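Everything below concerns the one structure shown next.
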Amino acid sequence: MAYDFDLFVVGGGSGGIAAASRAAGHGARVALAEADRLGGTCVNRGCVPKKLMVYAARFSDQFTAAASYGWQVEQSTFHWPTLRAAIAQETERLNGVYQAMLDDAGVALFPHYARFVDGHTLAVGDRTVTAAKILIAVGGRPKLPGNIPGIEHAITSDDIFHLPQQPRRLVIIGGGYIGSEFACILNGLGTEVIQIIRADRVLRGFDDDLRCEIHGAMQQRGIKIIAHSESIAIAPAEAGVTVTVTTPHGQDTLLCDAVNLAATGRIPNLEGLGLERIGVQLKEGAIAVDAQQRTSVSHIFAVGDVTEHPSLTPVALREGRQFADAEFGPTPVPINYDAIPSAVFTTPEMSTVGLTEVEAQTKFGPGDVQIYRTHFRPLHNTLSNLETKALVKLVVQTSTDRVLGAHMVGDHAAEIMQGIAIALTMGATKADFDVTVAIHPSIAEEFVGLE
Ligand code: NDP
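Going by my numbering, the sequence shown wraps up at 939, each residue one higher than the last.
Take a look at the structure:
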């Protein structure tokens, strides 16, 4: 049977666009459906606008440090609407870049939602199209917990970029990536921030040394963290919203502006896709795929946040390109999910690749794991009044000398970890790190010659 397209991609985020343009480059006839702006979460309400806000928030530290370096800085003030407008403008520019990328590749764009009619047919706007292969790349969306009464009064990270005014007092629910990053952003911009978390420390799942360091640094910077929360209730009040939190130590009622941010995880965007009509199987609410991104239906594939894989833009990009190469081009290099670096853009910043200390001990036994770490005040902060310290840590397998994990907290942690991730992907040993000549003075040099 002749299909309208060789490939139909549902979703115009990082993974979908990467796959569509790569497949078209291999000569496939490709179409893509995206009802919203091109670029997905990363460009429109995630990584990019968030990082621009991180840059804005970190000026406050620079103003504090400047005087120690001989600069006279006038009283600084921050204007939220200016930042919001600048971010919106940059987002729009990037939407255009993605549009040009699809146009150049010859991908047909359908500016509509698509839903499955049958295994090879999709309803897109008022049309029906058929394709030999279909890629689901619809991403995820914020998950609002059902166990918090009044949660409808909370905003999510999707909304924060559009607030007309900066919140004066913000309660954040959640201690993960998004909650912790926005706690630091808003704190840096001058908002009073209270963060409610269920665990003892922020960022559950990361190496415990890093969690301790970030937790302490956030508190030192004035963020009030309420840990061990057992229950939360939100209610509208005359002057905003009240958030009542119960912990083993008692109950606290907090008043915030008419905003409080729920950053309580994300879920795949599967509603309305019609997956039930075609028999694509799910695993814990996400689309289950094999190493080739194939779903339980052999000509239907999925990449990015809609799958069970880590919800990170570079993962979606790699998966999209790998899928396109495998199906329409040369044999791709498989993705190594064991060495995926990531960063949390808190202030201070943290980044990580490979196993945590606990994960390494569980996998190889405590006797076969050696830890190297250093905790110090970076040179930049010695002259300034900034108290923030840096932490550098390596997790090494004793029997093989292989570096299993690298972790750091400090300025430019993300930039530094990208290079370290190359070393770990290549299977570097502690001896390889030690023979590498340092760059001095830097924070990164601490990774070589750790004792
Ligand atoms: P996370 O899974 O990282 O964190 C969710 C947080 O919400 C946890 O602290 C969790 O607590 C808490 N939580 C969950 N349910 C409830 C509830 N019912 N009541 C109270 N608290 C609750 O999700 P995020 O939303 O922060 O981020 C989603 C994903 O987006 C991340 O996993 C990451 O992959 C991606 N991301 C990556 C970024 C980066 O690379 N820099 C930045 C932002 C997002 P507990 O720990 O107790 O379960």
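Virtual Cβ for every residue (Gly too), placed ideally from N, Cα, C. Here the structure is a predicted model, which is why all the values come from computation and not from measurement.
Open item on the list: Within 10 Å of its beta-carbon, does histidine 797 have 16 or more other beta-carbons around it, so buried, or fewer, so exposed?
Closed with: By the 10 Å Cβ count, histidine 797 comes out buried.
Open item on the list: Alpha carbons only, please: which of Gln653, Asn583, Val884 and Asp592 is nearest the one belonging to proline 569?
Closed with: The shortest Cα separation from proline 569 among Gln653, Asn583, Val884 and Asp592 belongs to Gln653.
Open item on the list: Quick check: does the Cβ of arginine 546 come within less than 8 Å of any heavy atom belonging to ligand 1?
Closed with: Of the heavy atoms belonging to ligand 1, none sits nearer than 8 Å to the Cβ of arginine 546.
Open item on the list: I'd like to check one pair, serine 548 with glycine 676: are the Cβ atoms closer than 9 Å?
Closed with: Yes, the pair counts as a contact, with Cβ atoms nearer than the cut-off.
TODO: Out of Leu691, Val659 and Gln885, point me to the one whose CA is closest to alanine 721's CA.
DONE: Answer by Cα proximity: Val659.
Task: Between the CA atoms of threonine 840 and isoleucine 956 - distance to the nearest angstrom - done: The chain is shown from 489 up to 939; residue 956 falls before or after that span and cannot be answered.
Task: Assigned secondary structure, leucine 874 (DSSP; H/G/I helix, E/B strand, else coil) - done: Coil.
TODO: For isoleucine 622, I'd like the list of residues in its chain whose CB is within less than 6 Å of its CB, leaving aside the five on either flank, ordered along the chain.
DONE: Sequence-distant partners of isoleucine 622 (beyond 5 residues in either direction) whose C-beta falls short of 6 Å from its own C-beta, in its chain, are Phe496 and Ile788.
Task: Any 3 or more C-beta pairs closer than 8 Å across the stretch 883-896 and the stretch 857-865 - done: At 8 Å Cβ cutoff, the stretches touch.
Open item on the list: Following a CB-centred definition, is tyrosine 543 positioned closer than 8 Å to any heavy atom of ligand 1?
Closed with: False, no ligand heavy atom lies under 8 Å from that Cβ.
TODO: Locate the beta strand (DSSP E) running through methionine 896, then write down its first and last residues.
DONE: For methionine 896, the enclosing beta strand (DSSP E) stretches over residues 891-897.
TODO: Measure the CB-CB distance between valine 832 and glutamate 807 and report whether it falls below 9 Å.
DONE: Against a cut-off of 9 Å, the Cβ pair of glutamate 807 and valine 832 comes out as no contact.
- [ ] Ignoring anything shorter than 3 residues or poking outside the stretch 757-795, list the beta strand (DSSP E) runs there in chain order.
- [x] Runs of beta strand (DSSP E) with 3 or more residues, each lying fully within the stretch 757-795, are found at 788-790, listed in chain order.
Task: Boundaries of the beta strand (DSSP E) in which glutamine 683 is found, first to last residue - done: Residue range 680-684 is occupied by the beta strand (DSSP E) that includes glutamine 683.
Task: C-alpha gap between methionine 896 and alanine 848, whole angstroms - done: Computed Cα separation, rounded: 17 Å.
Open item on the list: Looking at ligand 1, does it come within less than 8 Å of leucine 800, judged from the CB to the closest heavy atom?
Closed with: For ligand 1, at least one heavy atom lies less than 8 Å from the Cβ of leucine 800.
Task: CB-CB length for aspartate 646 against glutamate 845, believed under 8 Å - done: Aspartate 646 to glutamate 845, Cβ: 35 Å. No contact.
TODO: To the nearest angstrom, report how far apart threonine 552 and glutamine 708 are at their CA atoms.
DONE: Looking at the two C-alpha atoms, the distance is approximately 15 Å.
Task: threonine 913 in three-state terms, based on DSSP - done: Helix.
Task: the stretch 503-517 / the stretch 812-825 touching (three or more Cβ pairs under 8 Å) - done: The stretch 503-517, when compared against the stretch 812-825, does touch it at the 8 Å Cβ threshold.
- [ ] Could you give the DSSP three-state label for glycine 855: helix, strand or coil?
- [x] If DSSP states are grouped into helix, strand and coil, glycine 855 belongs with the helices.
- [ ] Have a look at Val731, Gly762 and Glu837 and flag the residue whose alpha-carbon is nearest the alpha-carbon of aspartate 740.
- [x] For the residues Val731, Gly762 and Glu837, the minimum Cα distance to aspartate 740 belongs to Val731.
Open item on the list: Counting C-beta neighbours from all protein chains within 10 Å, is the total for threonine 752 16 or more, i.e. buried, or is it exposed?
Closed with: Classified as buried, threonine 752 has 16 or more neighbouring CB atoms from the shown chains inside 10 Å of its CB.
- [ ] Within its chain, find whatever has a CB closer than 7 Å to the CB of leucine 763; leave out the 5 residues flanking it on each side and keep chain order.
- [x] Non-local beta-carbon contacts of leucine 763 in its own chain, meaning distances under 7 Å to residues more than five positions away in sequence, involve Phe604 in chain order.
- [ ] Pair every Cβ in the stretch 767-780 with every Cβ in the stretch 682-695, then say whether three or more of these pairs are closer than 8 Å.
- [x] No: fewer than three Cβ pairs fall under 8 Å.
Task: Cβ pair valine 498, glycine 607 closer than 9 Å - done: Cβ atoms of valine 498 and glycine 607: not closer than 9 Å.
TODO: With DSSP as the reference, please indicate the residues paired to leucine 658 in a beta bridge.
DONE: DSSP output for leucine 658 lists Val681 as bridge partner(s).
Open item on the list: On a Cα-Cα basis, can you pick out the residue from His600, Tyr665, Leu800 and Leu758 that is closest to glutamate 522?
Closed with: Cα-wise, what sits closest to glutamate 522 is His600.
Open item on the list: How far does the alpha helix (DSSP H) with phenylalanine 694 in it extend, from its first residue to its last?
Closed with: Counting along the chain, phenylalanine 694 falls outside any alpha helix (DSSP H), and DSSP gives it neither H nor E.
Task: Beta-carbon contacts of glycine 528 that lie in its chain and below 6 Å, excluding the five residues immediately before and after - done: So the qualifying residues of the chain are Gly501, Ser502 and Gly627.
Open item on the list: Could you compute how far the alpha carbon of isoleucine 643 sits from the alpha carbon of cysteine 744?
Closed with: Pairing isoleucine 643 with cysteine 744, the inter-Cα distance amounts to about 13 Å.
Open item on the list: Assuming contact is defined by CB atoms lying nearer than 9 Å, are valine 544 and isoleucine 661 in contact in what I supplied?
Closed with: A small correction: the amino acid at residue 544 is alanine; valine does not occupy that position in the sequence shown. No; because the gap between Cβ atoms is not below 9 Å, this pair is not in contact.
Open item on the list: Can you tell me whether isoleucine 927 sits near ligand 1, meaning its C-beta is under 8 Å from at least one heavy atom of the ligand?
Closed with: With a threshold of 8 Å, the Cβ atom of isoleucine 927 does not count as near ligand 1, since no heavy atom of the ligand is closer than that.
Task: Bridge partner(s) assigned by DSSP for phenylalanine 670 - done: None, per the DSSP bridge assignment.
- [ ] Determine the direct distance from the alpha carbon of lysine 918 to that of arginine 890, and round the result to whole angstroms.
- [x] C-alpha separation (whole angstroms): 6 Å.
Open item on the list: If you reduce the DSSP assignment to three classes, tell me which class isoleucine 575 lands in.
Closed with: Of the three classes helix, strand and coil, the one that applies to isoleucine 575 here is helix, per DSSP.
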